[in-house]
Structures are given as C-alpha cells and as structure tokens.
Amino acid sequence: MLFVVNGIRPGGGRLGVVVMLGLLGLMGLAMMGVFFEAPHSDADHDEDAGANGTDGADGDGDDAGGHQSIEDFMGLADHPLAGSAAADAAAEDHAAEEHATEDGPTGDPTAHDATDPTAAPADAQATPHPLAEEAPPADMTTADQPLDPSLPADPGPPQETGAADAPIDPDAPQTVGEEPGDGPVLEPLPADPADPGPAEPTDPETLTGTEGPDLLTGGAGDDSLSGHGGDDMLDGHAGNDSLDGGSGADLMHGGAGDDSMTGGDGADTLHGDAGNDTLDGGAGDDSLAGHEGDDLINGGVGNDTLIGGEGDDTLHGGAGDDVLQGNAGDDSLTGGAGHDTLMGGDGNDTLDGAGPDDPHAADGSDADYLNGGAGDDHLILGAGDHASGGEGADTFEAGDWITAGHEATIHDFDPSQDRIVVEYDPAQHPDPVLTIEPGEQADSVYVTLDGVHLAQVLGVPGLTAASVELVSASG
Numbered sequence: 013m014l015f016v017v018n019g020i021r022p023g024g025g026r027l028g029v030v031v032m033l034g035l036l037g038l039m040g041l042a043m044m045g046v047f048f049e050a051p052h053s054d055a056d057h058d059e060d061a062g063a064n065g066t067d068g069a070d071g072d073g074d075d076a077g078g079h080q081s082i083e084d085f086m087g088l089a090d091h092p093l094a095g096s097a098a099a100d101a102a103a104e105d106h107a108a109e110e111h112a113t114e115d116g117p118t119g120d121p122t123a124h125d126a127t128d129p130t131a132a133p134a135d136a137q138a139t140p141h142p143l144a145e146e147a148p149p150a151d152m153t154t155a156d157q158p159l160d161p162s163l164p165a166d167p168g169p170p171q172e173t174g175a176a177d178a179p180i181d182p183d184a185p186q187t188v189g190e191e192p193g194d195g196p197v198l199e200p201l202p203a204d205p206a207d208p209g210p211a212e213p214t215d216p217e218t219l220t221g222t223e224g225p226d227l228l229t230g231g232a233g234d235d236s237l238s239g240h241g242g243d244d245m246l247d248g249h250a251g252n253d254s255l256d257g258g259s260g261a262d263l264m265h266g267g268a269g270d271d272s273m274t275g276g277d278g279a280d281t282l283h284g285d286a287g288n289d290t291l292d293g294g295a296g297d298d299s300l301a302g303h304e305g306d307d308l309i310n311g312g313v314g315n316d317t318l319i320g321g322e323g324d325d326t327l328h329g330g331a332g333d334d335v336l337q338g339n340a341g342d343d344s345l346t347g348g349a350g351h352d353t354l355m356g357g358d359g360n361d362t363l364d365g366a367g368p369d370d371p372h373a374a375d376g377s378d379a380d381y382l383n384g385g386a387g388d389d390h391l392i393l394g395a396g397d398h399a400s401g402g403e404g405a406d407t408f409e410a411g412d413w414i415t416a417g418h419e420a421t422i423h424d425f426d427p428s429q430d431r432i433v434v435e436y437d438p439a440q441h442p443d444p445v446l447t448i449e450p451g452e453q454a455d456s457v458y459v460t461l462d463g464v465h466l467a468q469v470l471g472v473p474g475l476t477a478a479s480v481e482l483v484s485a486s487g
C-alpha cells in the first residue's frame, strides 16, 4: 500500500515522499496510536459538542478535527481494528446482546425450537371434543428459522443480496459475494430439489423457558420441556416426552408417544395426543384431553374439565367442581371432592361419584351427577348423587357410606336389564336388613338398609327387595 507524506523542501518548495507500508506495518502503527497529518481546515472538522463539555464553542477541548486516525484514514471506522477502544466497545455491545438473548428478558416471548417453529403443532385428536384449541398469546412470536441461543433474538432485516426475493434456507451452503459499496454479503447456493430438507432431530432435547411467555418445541426424541413462568406453549412432537408448564396459563401438546405432562399453577390446557399419556393439571381450572391411547388424567385442585378420548382411560377429577367425560373405550371416572359431573360415553364404563373411600361422601355436600351413556356401565353412588345409566345393562351401587337424609337418586332404572347392589360393612351391620319402602315422589321407592334410606329409585313402584343384591364389603 502506498502513502504520500507531504513535507517542506529546504528551498521553500514542497517535497513529496512515497512510502510503502505493508499490512503488518499499518497494524503496528494503529496499535501504537500513530496518526497522520491530513490536509484539513478547522472549520470543516472542528465539531462543537455543546452542552456535553467535550468541545466548547470556542474550539477548546477535544476537537474532532485536526487529526485523522489510521482507522479513518483506511476507511475502517465502521470496522475498528482489534485492540482499539472502538473495538472494545463493540465487543461489549455484542456480548450484552448475546446475554440478553440467552436469558430471555422478562415479559418478552422467547422461542426454543428443535424443529421448525413456523410449523403448527400436530393435533392428533381423533374425535371432536368440547375443548377449543387456543391461539398463541397476543405477544407470542416465533422466529422464521431455528433459533441459536448465541445469536440476538431479533437479527433485523436481511441484507440485500441482489438475488430473487426467495426465503433464505438456513441449512443451505453459503458463499461470500460482494456488491459495490456494500461490502461482503451472504448468498445462498441453489437448493437441491431432491433434498427433502433437514430431518426432525432424534436426540433428546432439554429446553427450559424463562419467567415470560415461551414457545418450546421438541423433536423426534424423548424430550424434556420446562416452561417456568409465563403463559407458555410447549409441543413435545414425537417421542416419550416430559412437559412441565410451570406457573401461568399454559398450552401443551404431547404429540406422538407416551408423554408425561404437568400443567402446574394456572388455568392450563393439555392435549396428550397419540400414545398412552399421563396428564396432571395441577392447581387452577384446567382443561385436559387425552385423545388417542389409554390415558391417565388427573385434574388436581380446581374446577377442571377432563376428556379421555379414544382408548380405555382413567380420569380423576380431584378437588373442585369437575366435569369428566370418558368418550370411547371402557373408561374409569372418579369425581373426588366437589360437585362433579361424570359422563361415561361409549363403552362399559365405571363412574364413581363418591365411593366408600371418599371422605367427602357422607354428608351429601358434594353431590355429583353420573351419566353412564351407551354400554353396560357401573355407577357407584355417593350421598346426594343423581344417576342415570343410559343405554345398556347398568349396575347402580349404593352402600352404608351414605348417611340418613342424604340418599342418592336413580333416574332411569330398568328392572328388565339393570341391577341395584347394596354394599355393607359387616362390622357395622352384622345382621343387615334390606327393605323397599315407598318414596316421597310418585311412583318411587326407597332402598333401605337397617332403616336408613340409601337410594330413591324413580319410576318403578313395583320394585321389590328380590331385585336388589346385598353384598358384604369383606367379600
């Protein structure tokens, strides 16, 4: 590289000396803080900083004019040399950006994706159900390509490449081109039309969200996703995944595989999708759907909605006023504490409103509604419950856990195919006496054990004790 240094000839003329410096020489000069005198006028380069005190109106202070650094001289003001103060400041700014991106600032959505976050979560629901799919939170955004935690969350608009306005494939090989005045730019090589694109990752993914709203997406492996705080969206995709929403109103999809999902605090929506899934709503008014497979669903604390879907499902409402729906398959539904509604749907289902092991069954304060639906169902009645078997040969079970004044009510008993079973504890009733007494309503009777009304049967005035089976709890 050539430089001309202007000097004064002893006779009064100007002297021009040509000096050749190599790249290493220039870098050495830059590191030593050497500056070249360049032709200028103070009027052109002396900038007045005004109130900041750097340069007063009279020109005193640190004037911007007068000297030109080697970086300015070489046209590298936008790309400071290593070791310079500008380079150190740029490095600190870049490190701050990386730290902000990795930590995910509170309140801002953070995306963590092992696949393509622009693809909608696969819904493996086989049959329609009352749960409506929820849209992402209003402040939830996703990137246009898989995110690298080491990059800033918002890289800004893409550079002009001069190529067609086709989306850039982040997995395509990149070449370095150059346009006049713009410096180096990235240009994608043409994609191979025979290449189907990157396969879904099969290695297990462990993704952890922030205290804000997050989007966490697993791959084809056995993934572990944890949302922490905020209203999160978690999608396990294929594999036997573990999903934990944490606090907040979370939306979760297990995808294919035998998944384990926990909603945590907040009003959560969990979809097990395909596979034999385990869903736990935790605290809050949750909506849980198993979909395909033999699922285990626990509502937890709160007024929850549980739907089994396909398969032989087990549903536990837990504390609160819950709605349990088995749908297809031979399902087992237990209401737990609270005023629960149990609907078996198709199949030979077992509905337990408040059995002998339920401490809330005695006083009738947690009266439930049991609807067997189609199939040969078994309905276990608690104090104050109302039961309807629906189609099929159904069994209605009452017992000595029902106390006086809190009898259950059977609405559609069919003597030609249904049966009533009364269970008793031989320690409490060593010589049990079962009787049928007229009910308070027209065409109704009471099923009575040792003088205590256990159930009122509607619409069968001719029912006799011979139609009722007395069974000891000890077998």
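With our numbering as the guide, the letters of the sequence shown map in order to residues 13 to 487. Don't be surprised by glycine CBs; every beta carbon is placed ideally from N, CA and C. Since the model is a prediction, treat every value here as computed from it, not as a measurement.
CA-to-CA distance, residue j to residue i, given in whole angstroms
{"i": "Gln468", "j": "Thr346", "result": "22 angstroms"}
{"i": "Gly411", "j": "Asp262", "result": "41 angstroms"}
{"i": "Leu336", "j": "Leu446", "result": "33 angstroms"}
{"i": "Ala416", "j": "Leu300", "result": "36 angstroms"}
{"i": "Ser377", "j": "Phe408", "result": "20 angstroms"}
{"i": "Gly359", "j": "Gly230", "result": "34 angstroms"}
{"i": "Asp388", "j": "Thr353", "result": "19 angstroms"}
{"i": "Leu308", "j": "Asp297", "result": "18 angstroms"}
{"i": "Ala399", "j": "Leu318", "result": "19 angstroms"}
{"i": "Asp324", "j": "Glu403", "result": "19 angstroms"}
{"i": "Ala108", "j": "Asp226", "result": "Low local confidence applies: a pLDDT of 42 at Ala108 is under 50, so the model's placement there is unreliable, with the coordinate-based value given in what follows. If I take the Cα positions, the gap works out to 21 angstroms."}
{"i": "His390", "j": "Pro427", "result": "15 angstroms"}
{"i": "Glu449", "j": "Glu322", "result": "42 angstroms"}
{"i": "Gly341", "j": "Asp361", "result": "8 angstroms"}
{"i": "Asp430", "j": "His418", "result": "23 angstroms"}
{"i": "Leu475", "j": "Val434", "result": "15 angstroms"}
{"i": "Pro133", "j": "Ile432", "result": "Its pLDDT being 39, under 50, Pro133 is placed unreliably by the model, and nothing is read from it."}
{"i": "Thr326", "j": "Ser344", "result": "5 angstroms"}
{"i": "Gly356", "j": "Gly384", "result": "5 angstroms"}
{"i": "Gly174", "j": "Glu223", "result": "Its pLDDT being 41, under 50, Gly174 is placed unreliably in this model, and the coordinates cannot settle the point."}
{"i": "Val464", "j": "Ala478", "result": "18 angstroms"}
{"i": "Leu219", "j": "Leu246", "result": "10 angstroms"}
{"i": "Glu452", "j": "His328", "result": "34 angstroms"}
{"i": "Ala439", "j": "Leu291", "result": "39 angstroms"}
{"i": "Ser236", "j": "Pro473", "result": "59 angstroms"}
{"i": "Gly401", "j": "Ala232", "result": "43 angstroms"}
{"i": "Ala295", "j": "Asp455", "result": "44 angstroms"}
{"i": "Leu482", "j": "Leu282", "result": "42 angstroms"}
{"i": "Met264", "j": "Glu217", "result": "16 angstroms"}
{"i": "Gly487", "j": "Leu228", "result": "51 angstroms"}
{"i": "Met273", "j": "Phe425", "result": "39 angstroms"}
Those residues which DSSP pairs with residue i across a bridge
{"i": "Ile432", "result": "Phe408, Val480"}
{"i": "Val464", "result": "Leu461"}
{"i": "Val335", "result": "Thr317, Thr353"}
{"i": "Asp256", "result": "Ser238, Thr274"}
{"i": "Glu449", "result": "Tyr458"}
{"i": "Ala399", "result": "Leu382, Ile422"}
{"i": "Thr290", "result": "Ser272, Leu308"}
{"i": "Ile392", "result": "Asp364, Glu409"}
{"i": "Leu282", "result": "Met264, Leu300"}
{"i": "Leu219", "result": "Leu237"}
{"i": "Ser344", "result": "Thr326, Thr362"}
{"i": "Val469", "result": "Ile422, Val457"}
CB of residue i within 8 angstroms of CB of residue j, strictly
{"i": "Gly312", "j": "Ala286", "result": "no"}
{"i": "His423", "j": "Leu470", "result": "yes"}
{"i": "Asp253", "j": "Gly242", "result": "no"}
{"i": "Ser238", "j": "Asp256", "result": "yes"}
{"i": "Asp437", "j": "Ala485", "result": "yes"}
{"i": "Gly266", "j": "Asp289", "result": "yes"}
{"i": "Asp543", "j": "Asp406", "result": "As displayed, the chain neither begins before 13 nor continues past 487, which places residue 543 out of reach and without an answer."}
{"i": "Ala420", "j": "Ala386", "result": "no"}
{"i": "Val457", "j": "Val480", "result": "no"}
{"i": "Gly293", "j": "Asp277", "result": "no"}
{"i": "Gly320", "j": "Gly338", "result": "yes"}
{"i": "Asp364", "j": "Gly350", "result": "no"}
{"i": "Gly260", "j": "Asp244", "result": "yes"}
Heavy atom of the ligand SAH within 7 angstroms of residue i beta-carbon
{"i": "Gly359", "result": "This structure simply doesn't include the ligand SAH, nor any ligand for that matter."}
Supposed close pair residue i, residue j - CB separation, criterion 8 angstroms
{"i": "Gly330", "j": "Asn310", "result": "6 angstroms"}
{"i": "His240", "j": "Gly221", "result": "5 angstroms"}
{"i": "Pro442", "j": "Asp462", "result": "That belief does not hold up - the Cβ atoms of Pro442 and Asp462 are roughly 10 angstroms apart, past 8 angstroms."}
{"i": "Ile414", "j": "Leu382", "result": "Not a contact, Cβ separation roughly 14 angstroms."}
{"i": "Asp234", "j": "Gly258", "result": "The pair is not a contact, with the Cβ atoms about 20 angstroms apart (cut-off 8 angstroms)."}
{"i": "Gly284", "j": "His303", "result": "5 angstroms"}
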